[in-house]
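Structure first, commentary second.
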DNA sequence: GTCTATAATCAGATAGAC
DNA sequence: GTCTATCTGATTATAGAC
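Chains as they are written, first to last, in the numbering used here: chain A, 1 to 215; chain B, 216 to 430.
Shown next as structure tokens:
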């Protein structure tokens, strides 16, 4: 085996271990909070010695930040190129549908994000001030243009956006409560459909729009 | 001083200390999570020796449960006696208004509840299965009656309720994010008004109702 | 009832053999 | 790069003087 091949193999195990630890950390941070997720619990779940977690990520805080970074990248999507000329009903319905799907399939990531905000966003402060604030500003402008054109009913555009976030993320963050109330073990296929339908109906309905029948 | 008076005085200090510790614990549990809030931090914040916290509440878990109990009692309000004959617009608008007010004035309690649910509701499991499920069932029946009478547009009643909870609580739980995006230190009077207005418009508007102008 | 001092345990982090 | 053994400090909880 040449040194080159050896090097590649090592790099591969490195990346694999890196991901395994990140996955374990994501779930534990989401499930038990920053302080509740100990490095040894994370190491156990990942199936590596605790010292290796420190070898890869040095400090706990660094590991936490890496987990958050990965989530931010994944969640930072939707409404990318919306314009005043677009059709609000289509745009918003698709955004809601995708948000609900993400909440159902990746609840842990939503929950970790939620606990970070609830803690006062110590690790996301700058990101929220820069990227998120700018992003929101852009979307709010388009919403306002829709209102001015009479495409949608008059409403506070920023709070409209917050309402979309809250109603969709709720099904990830409060899943435990929802399922206990519904007396179910997990979301069924029809639940996803009725959640999407209800939330979409709620947002679009209040704007004087009707939910598109075809996706 | 008679023994009776002495006894009353002792009982009074006991209740006072009890409340002081509960208040400190509530804030710390909400801010840093169950594991992040250490007994010594709570004792410091309350201004009592750590041993006294144990004297009053024995175990950390017990203190946490007491804090939760107090929150549940306070939040378990609204829609108490609604009936199929009531006017949906008035009922729902008042419910939303009160929920928003509570979210703005008591954000810590909402956040603590949220983290408890996100953790999988270890301490609230039974409460959610019994009280909450029954409560929801009752409200859903009334909502359904409103739909059947043609008072409100057809919508999934349970998800309608979830949407009210999510949109209102969001302003407590995600306050940090919202204020950073809005570039403000705290909610202003006019914010509370526009949040109430927007959320009410959202819920009522999607039901084919209009927001009542007079409270 | 109150509080100091301390026990027992577990956390994050590292040294050093392999 | 990997992992055992260990250090240091913090945590929950309690014993016992006042």
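We put the CB at the ideal spot given by N, CA and C, even for glycine.
No experiment lies behind these values; they were computed from the predicted model shown.
In angstroms, rounded to a whole number, what distance separates the CA positions of residue 415 of chain B and residue 54 of chain A? Computed Cα separation, rounded: 50 Å.
Can you tell me where the alpha helix (DSSP H) with residue 173 of chain A in it begins and where it stops? According to the DSSP assignment, residue 173 of chain A belongs to the alpha helix (DSSP H) that extends over 157-173.
Report yes or no: is there a C-beta of chain A within less than 8 Å of the C-beta of residue 410 of chain B? For residue 410 of chain B, at least one C-beta of chain A is nearer than 8 Å to its own C-beta.
DSSP-derived helix/strand/coil call for residue 302 of chain B: Residue 302 of chain B carries a coil assignment under DSSP once its states are collapsed to helix, strand and coil.
Output, in sequence order along the chain, the residues in the segment 144-169 of chain A whose CB is closer than 8 Å to any CB in chain B. For chain B, the residues of the segment 144-169 of chain A that bring a beta carbon within less than 8 Å of one of its beta carbons are 153, 155, 156, 158, 159, 160, 162, 163, 165, 166, 167 and 169, in chain order.
Looking only at its chain, what residues have a beta carbon closer than 8 Å to the beta carbon of residue 418 of chain B, apart from the 5 residues adjacent to it on each side? The beta carbon of residue 418 of chain B sits closer than 8 Å to those of 307, 311, 375, 378, 379 and 382, all from its chain and outside the five residues before and after it, given in chain order.
Quick one: residues in its chain with C-beta nearer than 8 Å to the C-beta of residue 149 of chain A, no 5 flanking neighbours on either side, listed in chain order? A distance below 8 Å between beta-carbons, with the five flanking residues on each side excluded, links residue 149 of chain A to the following residues of its chain, in chain order: 84.
Residue 327 of chain B versus B:346, B:372, B:274 and B:384, residue with shortest Cα-Cα distance: Here the closest residue by C-alpha is B:384.
Anyone know if the C-beta pair for residue 323 of chain B and residue 239 of chain B falls short of 8 Å? In this structure, residue 239 of chain B does not lie closer than 8 Å to residue 323 of chain B by Cβ.
Spatial neighbours of residue 297 of chain B within its chain, please: CB distance less than 6 Å, with the 5 preceding and 5 following residues excluded, ordered by chain position. Scanning its chain for C-beta atoms nearer than 6 Å, with the 5 sequence neighbours on each side dropped, one finds around residue 297 of chain B the residues 306 and 357, in chain order.
Listed by chain order, chain B residues near residue 201 of chain A by CB distance under 7 Å: Within 7 Å Cβ-Cβ: 370 and 421.
Could you please tell me which residues of the segment 250-261 of chain B, in chain order, have their CB closer than 7 Å to any CB of chain A? So the close ones are 250 and 251.
Could you check which residue in A:147, A:153, A:171 and A:75 has the C-alpha nearest to that of residue 131 of chain A? If we check each option's Cα against that of residue 131 of chain A, A:75 comes out closest.
Boundaries of the alpha helix (DSSP H) in which residue 404 of chain B is found, first to last residue: Here the alpha helix (DSSP H) through residue 404 of chain B covers 404-421.
For the alpha helix (DSSP H) that residue 59 of chain A lies in, which residues bound it at each end? Counting along the chain, no alpha helix (DSSP H) covers residue 59 of chain A, and no H or E run does either.
Does DSSP classify residue 336 of chain B as helix, strand or coil? The DSSP-derived three-state label of residue 336 of chain B is coil.
Can you tell me which of B:333, B:361, B:272 and B:287 puts its alpha carbon nearest to the alpha carbon of residue 179 of chain A? It is B:333.
Check whether the Cβ of residue 437 of chain B lies closer than 8 Å to any Cβ atom in chain A. Nothing can be reported for residue 437 of chain B: it is not among the residues displayed for chain B, which extend from 216 to 430.
So that I know if they touch, is there some Cβ in chain A lying closer than 8 Å to that of residue 332 of chain B? Yes, residue 332 of chain B counts as interfacial toward chain A.
How about residue 325 of chain B and residue 279 of chain B: do their beta carbons lie closer than 8 Å? Not in contact: residue 325 of chain B and residue 279 of chain B (Cβ atoms no closer than 8 Å).
Taking buried to mean at least 16 other C-beta atoms within 10 Å of its own C-beta, is residue 116 of chain A buried or exposed? Residue 116 of chain A comes out buried.
Considering only their Cβ atoms, is the gap separating residue 8 of chain A from residue 56 of chain A smaller than 8 Å? Their beta carbons are not under 8 Å apart, which means residue 56 of chain A does not touch residue 8 of chain A by this criterion.
What does residue 293 of chain B reach in chain A if we use C-beta pairs closer than 8 Å? Neighbours of residue 293 of chain B on chain A: none; closest Cβ ~16 Å, over 8 Å.
Excluding the 5 residues flanking residue 136 of chain A on each side, which residues of the same chain have their C-beta closer than 8 Å to its C-beta? These residues qualify, in order along the chain: 158 and 161.
Tell me whether residue 26 of chain A is buried or exposed, calling it buried when 16 or more other Cβ atoms sit within 10 Å of its Cβ. By the neighbour-count rule (16 or more Cβ atoms within 10 Å), residue 26 of chain A is buried.
Using 8 Å for Cβ pairs, my map puts residue 368 of chain B next to residue 423 of chain B. What's the rounded Cβ distance? Here residue 368 of chain B really is in contact with residue 423 of chain B; their C-beta atoms are around 4 Å apart, less than 8 Å.
Let's test the definition: count the other Cβ atoms within 10 Å of the Cβ of residue 413 of chain B and tell me whether it reaches 16, buried, or not, exposed. Looking at its Cβ environment, which holds 16 or more other Cβ atoms inside 10 Å, residue 413 of chain B is buried.
In angstroms with no decimal places, state the Cα-to-Cα distance between residue 177 of chain A and residue 261 of chain B. Looking at the two C-alpha atoms, the distance is approximately 31 Å.
If you follow the alpha helix (DSSP H) that residue 259 of chain B is part of, which residue opens it and which one closes it? Run containing residue 259 of chain B: 254-261, per the alpha helix (DSSP H) assignment.
Here's the rule I'm using: 16 or more other beta-carbon atoms within 10 Å means buried, otherwise exposed. How should residue 230 of chain B be labelled? The residue is exposed, with fewer than 16 neighbouring Cβ atoms inside 10 Å.
Going by DSSP in three states, residue 149 of chain A sits in which element: helix, strand or coil? Residue 149 of chain A: coil per DSSP, three-state reduction.
Tell me, to the nearest whole angstrom, how far the beta carbon of residue 22 of chain A is from that of residue 70 of chain A; I am working on the premise that it is less than 8 Å. About 6 Å; that satisfies the 8 Å criterion.
Between residue 336 of chain B and the rest of its own chain, which residues show a CB-CB distance below 8 Å, the 5 nearest in sequence each way excluded? Cβ neighbours of residue 336 of chain B beyond the five flanking positions: 343.
Just the chain A side, please: which residues come within less than 8 Å of residue 335 of chain B by C-beta, in chain order? Think of a sphere of 8 Å around the beta carbon of residue 335 of chain B: the chain A residues whose beta carbon falls inside it are 31 and 176, in chain order.
Check the Cβ of residue 326 of chain B against every Cβ in chain A and list those closer than 8 Å, keeping chain order. By Cβ distance, chain A contributes 118.
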